[in-house]
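*Asks:* Sharing a structure here in structure tokens format.
Numbering (the working numbering), first residue to last: 63 to 144.
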């Protein structure tokens, strides 16, 4: 009789555990779908911008590429002003 009670309690807890896992799987799938959607959108945006840069004459395309030297100087200036 005691064994059957314990087995019944284990069965109930296992069913609850299964429900929790199913809900977690659903949320993970939703997050995965959202990531796939965002990656697709961002990839297309980046590809469009790269295509625009590729189509520019070489001198003009350099205007869209940040100068690493000036970026480093700006970062140093911001760090020293704090």
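Glycine included, C-beta positions come from ideal geometry on N, C-alpha and C. Source: prediction; values computed, not measured.
How many Å lie between residue 116 and residue 91 at the Cα?
*Replies:* Against the chain shown, residue 116 aligns to sequence position 54. Against the chain shown, residue 91 aligns to sequence position 29. Each residue's Cα considered, the two are about 37 Å apart.
*Asks:* For the alpha helix (DSSP H) holding residue 118, just list the boundary residues, first then last.
*Replies:* Locating residue 118 in the chain shown gives position 56, where the first residue counts as 1. Taken as a continuous stretch (DSSP letters only), residue 118 belongs to no alpha helix (DSSP H), as it is neither H nor E.
*Asks:* Distance, Cα to Cα, residue 70 vs residue 109?
*Replies:* Your numbering for residue 70 matches position 8 in the chain shown. Your numbering for residue 109 matches position 47 in the chain shown. Taking the straight line joining both Cα atoms gives about 58 Å.
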